[in-house]
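Peer 1:
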Amino acid sequence: MKSSNVRRFFTYILGVAVVVLGFAAAVHIPTPKPGGQLQNDVELQSDPNPAEFPTFAEMGLSFKPKMIEDPEGNQVMSFLQTSPMSTREAHDSVTLSNNVPKHVITGQVAGLVNNDPVTVILGTMFGSRFDILFEQKVTMESPVFTFQVPKGRYYIKVEGTGYRLPGVTLIRLPCRQARCRFSKKEDKLTVMEMGKEPGVYNYEWVLQRAAQYGVESLSVVAPTDASVINADKPGMESNLDYSDAAAKLKLNFGIELHGAWGSEYASRILGMLEKWKWFKQFHKSQPIKQKWLLTDRPLYPQDLAISHVENAPDNSQGGNLDWRERVSQTSTHKGHDDNDEYGQVVTISRHAFMFASRRAIENKMQRSVYFSRRLYKAIIRAMCLHSPFMMRSYFLNMHDVQILEPFELERMKRRGDNLSHYPSNHYQSWFEHPEELVEIATTWSEYPEGMQKITGLKYLLRRQDGMINPEEPTAPAIAYPRGSKTDSYIEFMESAFHKYDNIPNLIIHELGHFIDMNMTPANIRKMWEEVGGWHRYSNDPDGWTTHQQTEFVSAYAHKKNPSEDFASSIAEYVLNPKLLMSRAPKKYTFMRDQIMNGAYYVTKASHEFRVLNLGNPDFMYPGRIIAVKVKVTGQINEDKKVDFEIKLANNGPDSCATYARFRLTSSLGTFVDVSLPSYKCSHTLTGSITMNRAQKRGVWTTDQIELSDANRLHRFVGAADFGMRVWLDNGAEDFQVPQTIIPSIAISLIKGNDHATVRATWLVADDGVLRERSGAFAAINSNVTGQHSLGTYVNSAITTSSLRSDWRREIWTGYRKIPSHMCEVERSIRREPADDIVFNKFAFDEDNSFDGLTRRQTDANVYNCYQVSVNIPLSSAARSGDYYLTLIKSFDSAGNTQTLQWPVGEGPSVHYTSSVARPDNNLPEIRDISVESRPSNPDSPNGETIVTVSFQLRDAESGIASVSAIILDPFGARFIYYPLYKDVKEWQTISYRQVLPRGSIPGVWHLSEVRAEDNAGNELMARLNEQVLVTSA
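FYI, in the UniProt record's numbering the residues of the sequence shown are 1 to 1033.
#1: Considering just the uninterrupted stretch of the alpha helix (DSSP H) at R381, what are its terminal residues?
#2: Using a 10 Å radius around the Cβ and a threshold of 16 neighbouring Cβ atoms, would you call G731 buried or exposed?
#3: Look at Y912 and A756 and say whether their C-beta atoms are less than 8 Å apart.
#4: May I ask you to list the residues that DSSP assigns as paired with M125?
#5: In the DSSP output, which residue or residues are listed as bridge partners for D882?
#6: Take D806 as the anchor and find which of S991, K631, S869 and D754 has the nearest alpha-carbon.
#7: Given a threshold of 16 other Cβ atoms within 10 Å of its Cβ, counted over all protein chains shown, does R773 qualify as buried or as exposed?
#8: Are the Cβ atoms of T545 and R715 separated by less than 8 Å?
#9: Can you give me the C-alpha to C-alpha distance between H258 and Y376, rounded to a whole angstrom?
#10: Which runs of the alpha helix (DSSP H), 4 residues or longer, sit entirely within the region 611–694?
#11: Which runs of the beta strand (DSSP E) at least 3 residues long sit entirely within the region 131–183? Give them in chain order.
#12: Could you check if A1022 is buried or exposed, using at least 16 other CB atoms within 10 Å of its CB as the buried criterion?
#13: Can you say whether T886 is buried or exposed, counting buried as having 16 or more other CB atoms within 10 angstroms of its CB?
#14: Quick one: is V113 buried, meaning 16 or more other Cβ sit within 10 Å of its Cβ, or exposed?
#15: Taking DSSP's pairing of strands, which residues face F552 in a bridge?
#16: Rounding to the nearest angstrom, what Cα-Cα distance links E564 and F975 in this structure?
#17: To which residues of the same chain is A1016 closer than 6 Å at the C-beta, ignoring the five residues directly before and after it?
#18: Got a sec: is the Cβ-Cβ distance from P617 to anything in chain B below 8 Å?
#19: Measuring CB to CB, does V553 end up less than 8 Å from L580?
#20: Can you tell me which of D892, E1026, I929 and G905 puts its alpha carbon nearest to the alpha carbon of Q428?
#21: Indicate the three-state DSSP secondary structure (helix, strand or coil) for H755 in the structure shown.
#22: Figure out for me which residue from P997, S708, F971 and R954 has the closest Cα to the Cα of V221.
#23: Taking the continuous alpha helix (DSSP H) assigned at I524, which residues delimit it?
#24: Is L668 buried or exposed, if buried means 16 or more other CB atoms sit within 10 Å of its CB?
#25: Quick one, which of Q695, A719 and S538 has its alpha-carbon nearest V168's?
#26: Please report the straight-line C-alpha distance between A719 and E510, rounded to a whole angstrom.
#27: Tell me the rounded alpha-carbon separation between D540 and V630.
#28: Could you check the C-alpha separation between L1024 and E530 for me, to the nearest Å?
#29: Using the Cβ count rule (16 or more neighbours within 10 Å means buried), how would you classify H1006?
#30: Return the residue from the list T161, W205, K137 and K185 that minimises the CA-CA distance to G195.
#31: Going by other Cβ atoms of all chains shown within 10 Å of its Cβ, with 16 needed for buried, is F407 buried or exposed?
#32: In whole angstroms, what separates the C-alpha of Q302 from that of A378?
#33: Tell me which same chain residues have a C-beta within less than 8 Å of the C-beta of P143, skipping the five on either side of it?
#34: Quick one: using the 10 Å Cβ neighbour count with 16 as the cut-off for buried, is Y155 buried or exposed?
#35: Do the region 645–658 and the region 614–624 make contact, defined as three or more Cβ pairs closer than 8 Å?
#36: Taking only three categories from DSSP, how would you classify F279?
Structure, rendered in structure tokens:
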């Protein structure tokens, strides 16, 4: 071969090698030899067209050329080490020089049998092909493998015959995690001897112990306290003189009471505001007048209605203005009506005052008082909702907590205080959605006085709308307690508030983490672990497990660890005490005596109904799991059918279950959710799923199985109390995430007759295929106050139209496969000229920075290329402003996901001008709520009950988008229903009929909440109960 040909050939090889491994070369590394020298380095440097990648000399590596056969059959010198998995495309054979930093990868293979060795292979990926760098044969007698490599990204796989093999494992070096896989010889790759049928895998587990753990039936809660707590009893302050309360409210706080109030109502408000000393000082310096009215009718949310003077700015334009600014802007408008002189007009319902007074409970043991925070919540809403100054002052003075704005976080970072390791532009102002702060403030007020300030909790952060926390992508909120002497924070995502079904519970839960970690002594925390039966367990992903199965308030509390159990339990103790009392009475007692100093809560509901059951009510949990069977059918290159059978202990007819569900997880973290429903309550639950040939090879398992019956009685079974293994022998496993071509990402605005659509488009390269259903997702965010993010999933596109250059303008949505050369770097950078299409300019980090495929990659046919088009509709109520691309996701059929996020204002954007003159920032309206019940069989009630929920609903500006209602049974179980509604703007009557099943819990149920959202994203939460706190006098 001529020298120039050798140089060109070598440059071609070098380009392939470096592309595959990223920042480290993809190299074949034999056993290192001392004094290794670079061969042919002079020829490399003399090449007139050098490669764009670093040379092996720069990385301290040495070549070992070998003789191979060229396409014409001639023996020539080559720098390739060919892999049997990668025909014609492979990598250079090199030797590590002594001055190259080396990392050790080591471990052992478990499950080997005598005289049946396997080969452990270390390699890299070139598209869908695995290229060998290192290989080592191991046996049962000598199962340990060891490799020395430079920094980079590597994959370990096992090859052999007669075994079921584990999947490929990714290793990044250097490892920066606390626990690095395959850094010790004890780390294992497990194989399993093949059975007689190569295409069939069977797994069976049977409970060996006859003894039963834990509680098998619900703890019945006696309604003792609710009967003595009533609003008719005189309050302890009734003998005090409050005749001047109205005058003090006007003088000290600017609140003028209009209409028939009475001194007792005025005194309740005054008594609460007297504690807000900062407000009194603020009013002295900048007096603002308010007009307050009292009404007999119920008001939602939080017993309050706030209106502004006619010419004051609405929330979309002036939502962040304080009252003094609003008044100054409207002071020139005189003579409109009697309200012009007021910063705001507040109407409050008498219902808020029902348990505002402290009332006494006398018993032989001790003297207690009871009261609720309902009126206090209404005052918080009235004084803080439309005033950032008041809101910030409230949190600072009442909770010693700072509502942290992005610019304040940035200022802290510049001072060297890295509170969050994420950039400040990942967060947004809390006052984009001030209702969220009202939710936090009013919910926090439910805690006893001693928990209004929590040591170590100093900040609240709000991540940008549409963004997720990369560490916990599904978390709506994350608490970061770092000890009582270290200031820390809680981070809330948009999903914590928008469309979240139990916001107060989430808030109390996150605060509970700080109470647990920062305020609870170590010996008390140890007692909590004992109450929950918690112990360390290395086979569980969270490192904890418990043999208790029924004494938990949620699957999440049982699945995780003692800390999550604590936070979940304290949330139910405060907001839904009967759930904790009935499911885990020992935990209820612990919370009352060890955490709450004897204080407890009673739920008082305004919309109750009764369920009768003279037969046999079902208080029995589903039986324990006594056997599990799994059968996987399918050859190595086929999709797999997986059959499940779960058998329960039969403790009688009520110990059956209506479903079992669990999440199967691979070693890579990809997952499949499995549900085994039974149309009739049964002690044997069966079902099957299909897992495709691209999903992760090896063992899939779960650390929790949840069982439930029709009465929401749950059994949670942990990893230590059952066995389940699903072994997928997928030779074509796909373990690489799809790669979005960054320069191809674009956004455009498509205008329709009555609405508009924001279209996000991008190209994806993947070594497999994208998921058929929900293969891509995109979310947009707006710079307009009050506008929530909008997002849409798309499926595989049905269209089979020919390839078009104007694909971004076609009328279609979804994704479709196109020739792989369309994903090449040259094409992605050469953008289509367009005024109406805005391309991405944001630079992502190294892991996500991908400009497209090389010509060698497309020629090798190791990647597929896809066009993705996600259409995000804007309703007619969408607000005018700039809409930015905030997040996109691409999913492949194996469950691998790539997520890309943009900081505030950094994504490509379009401007939308609404045809609506005034944006809708008002909540839907609700009135005349009622609930009725009657037994299906009046002569012999058996729990089957017909429940009818009715109310009137209206959104006069944009119309209704969704409606839901929540009902609680006597023991705290939640039932969520979704009534039918019309998307109209006038009042409509919603009537929903639900039949509770036979065996339903007898007693007093109640309608807990009605929720409605309009087409502008405004959410009304009409809560129909309150928590009465009982504490020592």
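Backbone N, C-alpha and C fix where the C-beta goes; we use that ideal spot for every residue, glycine too.
The structure presented is a predicted model; accordingly, all values stated were derived computationally and were not measured.
Peer 2: Looking at the atomic coordinates:
#1: Within the sequence shown, the letter at position 381 stands for residue 381. R381 -> alpha helix (DSSP H) spans R374 to C384.
#2: The residue given as residue 731 occupies position 731 in the sequence shown. Exposed, since its Cβ has fewer than 16 Cβ neighbours within 10 Å.
#3: In the sequence shown, the residue the question calls residue 912 occupies position 912. In the sequence shown, the residue the question calls residue 756 occupies position 756. Cβ distance < 8 Å, so Y912 and A756 count as in contact.
#4: Here residue 125 refers to the residue found at position 125 when the sequence shown is read from its first residue. Partner(s): F130.
#5: Against the sequence shown, residue 882 aligns to sequence position 882. H911, per the DSSP bridge assignment.
#6: As a working mapping, residue 806 is identified with position 806 in the sequence shown. With distances taken between Cα atoms, D806 lies closest to S869.
#7: Here residue 773 is taken as the residue at index 773 of the sequence shown, counted from 1. Exposed: under 16 other Cβ atoms inside 10 Å.
#8: Within the sequence shown, residue 545 is the residue found at index 545, counting from 1. Within the sequence shown, residue 715 is the residue found at index 715, counting from 1. Their beta carbons are not under 8 Å apart, which means T545 does not touch R715 by this criterion.
#9: By one-based count along the sequence shown, residue 258 stands at place 258. By one-based count along the sequence shown, residue 376 stands at place 376. Their backbone Cα atoms lie some 20 Å apart in a straight line.
#10: Runs of the alpha helix (DSSP H) lying entirely within the region 611–694, each at least 4 residues long, are absent.
#11: 144–149, 152–159 and 169–173
#12: Locating residue 1022 in the sequence shown gives position 1022, where the first residue counts as 1. Buried, by the Cβ-count rule.
#13: Counting from one through the sequence shown, the residue named residue 886 turns up at place 886. T886 comes out buried.
#14: Within the sequence shown, numbered from 1, the residue matching residue 113 stands at position 113. Result: exposed.
#15: As a working note, residue 552 is residue 552 in the sequence shown. Partner(s): none; F552 has no beta bridge.
#16: Position 564 of the sequence shown, counted from the start, is the residue given in the question as residue 564. Position 975 of the sequence shown, counted from the start, is the residue given in the question as residue 975. E564 and F975: Cα-Cα distance of roughly 23 Å.
#17: For this step, residue 1016 is matched to residue 1016 along the sequence shown. Excluding sequence neighbours, A1016 sits near A877, D920 and S958.
#18: In the displayed structure, chain B is absent; only one protein chain is listed.
#19: Locating residue 553 in the sequence shown gives position 553, counting from the first residue. Locating residue 580 in the sequence shown gives position 580, counting from the first residue. In this structure, V553 lies near L580, with their beta-carbon atoms less than 8 Å apart.
#20: Along the sequence shown, one-based indexing puts residue 428 at 428. The shortest C-alpha separation from Q428 is found at G905.
#21: Your numbering for residue 755 matches position 755 in the sequence shown. Of the three classes helix, strand and coil, the one that applies to H755 here is coil, per DSSP.
#22: By 1-based counting over the sequence shown, the position of residue 221 is 221. Nearest of P997, S708, F971 and R954 to V221, Cα basis: F971.
#23: Mapped onto the sequence shown, residue 524 falls at position 524. A522 to V531 is the span of the alpha helix (DSSP H), which, as asked, contains I524.
#24: For the purposes of this step, residue 668 is taken as residue 668 along the sequence shown, with counting starting at 1. Counting Cβ neighbours within 10 Å, L668 comes out buried, since at least 16 surround it.
#25: Within the sequence shown, the letter at position 168 stands for residue 168. Considering only alpha carbons, the answer is Q695.
#26: For the purposes of this step, residue 719 is taken as the residue at position 719 of the sequence shown. For the purposes of this step, residue 510 is taken as the residue at position 510 of the sequence shown. About 26 Å.
#27: Residue 540 sits at position 540 when you count from the first residue of the sequence shown. Residue 630 sits at position 630 when you count from the first residue of the sequence shown. Each residue's alpha carbon lies about 20 Å from the other.
#28: Counting from one through the sequence shown, the residue named residue 1024 turns up at place 1024. Counting from one through the sequence shown, the residue named residue 530 turns up at place 530. Roughly 36 Å separates the two Cα atoms.
#29: Within the sequence shown, residue 1006 is the residue found at index 1006, counting from 1. Burial call: buried.
#30: Indexing the sequence shown from 1 puts residue 195 at position 195. Cα-wise, what sits closest to G195 is T161.
#31: Stepping through the sequence shown from its first residue, residue 407 is reached at position 407. Answer is exposed; the Cβ neighbour count stays below 16.
#32: For the purposes of this step, residue 302 is identified with residue 302 of the sequence shown, where counting begins at 1. For the purposes of this step, residue 378 is identified with residue 378 of the sequence shown, where counting begins at 1. In a straight line, the C-alpha of Q302 is about 5 Å away from that of A378.
#33: By one-based count along the sequence shown, residue 143 stands at place 143. The residues are Q108, V109, A110 and L112.
#34: For the purposes of this step, residue 155 is taken as the residue at position 155 of the sequence shown. So Y155 counts as buried.
#35: Yes, they touch.
#36: As a position in the sequence shown, residue 279 is number 279, starting the count at 1. Residue state, collapsed to three classes: helix.
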